[in-house]
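Have a look at the structure below, then the notes.
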């Protein structure tokens with residue numbers, strides 16, 4: 001709507017002011033012209049009256065009737081009439097005049113008109129006669145035939161009013177024309193003034209929508225031009241600041257999204273307003289554990305309590321929480337708006353792996369000490385027995401020496417496995433990859449374990465049909481080490497009359513191998529840890545065996561070095577299945 005715009009308001013304001021001014025000016029001029037015309041008519045009639053009185057008073061040889069005729073001629077020209085009162089004589093004329101015949105009584109009854117007769121002075125007034133207004137001028141007359149009286153000149157106001165009406169029409173036409181011109185120039189002026197403002201309004205709306213590339217043209221060098229320059233400078237600086245803020249926001253969002261630690265923003269009511277993926281995982285785990293509704297963005301109760309404590313103490317607070325078996329350390333710091341706390345930021349760090357690694361280090365030291373202590377004690381004891389001649393004959397000495405040799409080999413094997421594992425974990429491990437005929441490779445492994453399996457009363461069930469006459473690019477010694485560990489474990493943990501099934505196949509340039517036994521199995525809570533160093537789910541089942549607890553950890557590193565992965569599935573009392581996948585190219589991992 002134009003009336004709501006600045007153009008309409010400015011235009012209406014100018015028109016209103018000019019209209020009011022012209023209205024008052026028109027009324028003033030009309031009143032002024034009306035008074036001026038009446039006064040001019042009175043002065044003119046006064047001159048006629050004075051001239052008529054002078055003609056009556058002057059002795060020039062004319063008869064009184066001739067003088068009255070001259071007066072009639074003069075008044076007739078101005079559409080007026082006269083009334084002459086001399087003593088008791090009242091004479092009026094001209095007969096065609098529109099003015100009524102007036103008696104002496106009328107003039108004597110009017111206090112003002114009577115003064116021309118009684119006080120012998122000039123008078124003038126406007127009277128209402130027969131519902132019409134008339135201008136009446138009275139002039140005293142002296143010395144006419146030794147008598148005195150007065151001459152009255154009478155003219156209708158309508159004659160003067162005609163001139164007034166013409167003046168009013170002219171004034172109204174001029175006022176109307178002035179209003180039209182003012183309307184045009186006011187609209188032109190308001191449009192010209194508001195054009196830069198409209199452009200700045202459009203630019204401001206674009207800036208509000210995020211478009212900072214719109215520039216307001218500078219047309220003039222007045223205040224509007226200064227305003228346009230100021231707006232352009234503001235837009236440019238705002239664009240720079242918004243770009244800087246967006247870059248910082250993107251950087252902060254990128255940092256938060258890729259942080260390993262969780263970050264939560266909490267408002268002053270304890271509600272979560274922002275979070276990153278690790279924090280979302282923490283919240284999801286808490287809701288899952290406590291069966292909280294996942295649709296609502298509820299703050300976990302421990303975090304609410306911690307926020308209340310932080311808001312009360314106004315200091316950074318650290319708290320450890322356990323959710324779904326994982327250990328989280330929460331560091332919460334208050335955020336201030338001047339003196340008022342407007343919320344808090346919480347950093348959630350998953351310390352499960354660190355605590356587990358600490359435990360693994362302690363367990364590693366304990367396990368190595370335990371594994372080395374037994375052979376060292378046995379070697380020490382039998383060595384002392386040989387030195388002290390406890391053995392009664394040469395056969396006993398050989399048996400003791402054989403035990404010492406076996407334990408030293410066991411220690412050497414343990415140390416070698418530890419060295420291999422350390423090299424693999426530190427990256428100082430090189431594969432000797434080559435094309436290997438798979439059927440010959442697996443046949444050699446079968447021959448290697450055939451006698452051991454027969455002695456244990458266990459049947460080996462191979463399935464190598466899918467790899468006949470096929471080759472694979474791998475390190476045969478290291479893969480054989482993996483197979484040896486898996487098959488040896490399967491045989492050692494399978495009872496007599498059980499079986500060990502070995503399957504190998506090629507699929508999508510990947511070697512899939514599975515070792516499945518019918519042994520004692522592994523408890524489900526121990527399955528995630530079977531590939532850790534020195535981990536033994538059932539310590540009793542390795543009693544009297546030669547296992548060190550490092551074989552599966554080494555096997556896992558060898559498989560991963562080939563770009564593959566290894567996993568285990570087991571049911572307690574029914575058997576265990578290990579399967580691993582190798583890639584032709586380790587980059588295909």
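In UniProt numbering, the protein residues as written are 1 to 589. C-beta: ideal position from N, C-alpha, C; glycine also. Being a predicted model, the structure only gives us computed values, none of them experimental.
Three-way DSSP call (helix, strand, coil) for residue i in this model
i           : result
residue 30  : helix
residue 42  : helix
residue 126 : strand
residue 78  : coil
residue 311 : helix
residue 113 : helix
residue 62  : coil
residue 525 : coil
residue 356 : helix
residue 220 : coil
residue 546 : With a pLDDT of 49 at residue 546, under the threshold of 50, the modelled position of this residue cannot be trusted; read the value that follows with caution. Of the three classes helix, strand and coil, the one that applies to residue 546 here is coil, per DSSP.
residue 149 : strand
residue 212 : coil
residue 496 : coil
residue 23  : helix
residue 142 : strand
residue 133 : strand
residue 262 : strand
residue 267 : strand
residue 299 : coil
residue 530 : coil
residue 368 : helix
residue 102 : coil
residue 273 : strand
residue 390 : coil
residue 592 : There is simply no residue 592 to check, as the chain begins at 1 and stops at 589 in what is shown.
residue 173 : helix
residue 84  : strand
Nearest candidate by alpha-carbon position, reference residue i, set the options
i           : options            : result
residue 212 : 202, 221, 219      : 202
residue 121 : 132, 140, 109      : 140
residue 91  : 282, 38, 151       : 151
residue 521 : 569, 218, 528, 16  : 569
residue 572 : 518, 40, 580       : 518
residue 158 : 188, 262, 80       : 80
residue 510 : 471, 56, 149       : 471
residue 355 : 375, 373, 378, 326 : 326
residue 55  : 70, 46, 45, 493    : 70
residue 268 : 236, 260, 307      : 307
residue 270 : 263, 239, 305, 353 : 305
residue 266 : 526, 197, 341      : 341
residue 156 : 274, 231, 45       : 45
residue 117 : 224, 168, 85, 131  : 85
residue 662 : 462, 531, 457      : Since the first residue of the chain shown is 1 and the last is 589, residue 662 is not available in this structure.
residue 136 : 106, 352, 142      : 106
residue 410 : 376, 500, 437, 389 : 376
residue 131 : 464, 94, 100, 474  : 100
residue 195 : 576, 488, 8        : 8
residue 501 : 508, 458, 474      : 458
Run of the beta strand (DSSP E) containing residue i, from where it starts to where it stops
i           : result
residue 511 : 510–517
residue 321 : 317–323
residue 582 : 575–583
residue 289 : Note, residue 289: premise wrong, no beta strand (DSSP E); alpha helix (DSSP H) at 277–290.
residue 667 : Residue 667 lies beyond the residue range present for the chain, which begins at 1 and ends at 589; the question has no answer from this structure.
residue 569 : 565–571
residue 332 : 326–337
residue 342 : 340–350
residue 92  : 89–93
Residue i, enclosing alpha helix (DSSP H) - first and last residue
i           : result
residue 484 : 476–492
residue 559 : 551–561
residue 227 : 223–258
Closer than 8 Å to chain B by CB, residue i
i           : result
residue 533 : Note that chain B does not occur in the displayed structure, where there is just one protein chain.
Complete runs of the beta strand (DSSP E) confined to the stretch 420–473 [at least 3 residues]: Those beta strand (DSSP E) runs which fall completely within the stretch 420–473 and span 3+ residues are 434–437, 459–463.
Contact between the stretch 345–360 and the stretch 376–387 is defined here as three or more beta-carbon pairs at a separation below 8 Å; is this criterion met? no
Taking contact to mean 3 or more Cβ pairs, one atom from each stretch, closer than 8 Å, check whether the stretch 121–130 and the stretch 185–192 are in contact. no
Assess, as a yes-or-no matter, whether the stretch 238–248 is touched by the stretch 314–333 under the definition of 3 or more beta carbon pairs within less than 8 Å. The count of Cβ pairs closer than 8 Å, one atom from the stretch 314–333 and one from the stretch 238–248, stays below three, leaving the stretches out of contact.
Counting Cβ pairs closer than 8 Å, one from the stretch 313–320 and one from the stretch 281–290, do we hit at least three? No contact exists between the stretch 313–320 and the stretch 281–290.
Is the number of C-beta pairs between the stretch 24–32 and the stretch 164–175 that are closer than 8 Å three or more? yes
Contact between the stretch 393–402 and the stretch 433–444: three or more CB pairs below 8 Å? no
Evaluate contact between the stretch 230–244 and the stretch 252–267, counting only Cβ atoms and requiring at least three cross-stretch pairs below 8 Å. no
Taking three-plus beta-carbon pairs below 8 Å as touching, is the stretch 502–516 in contact with the stretch 478–493? yes
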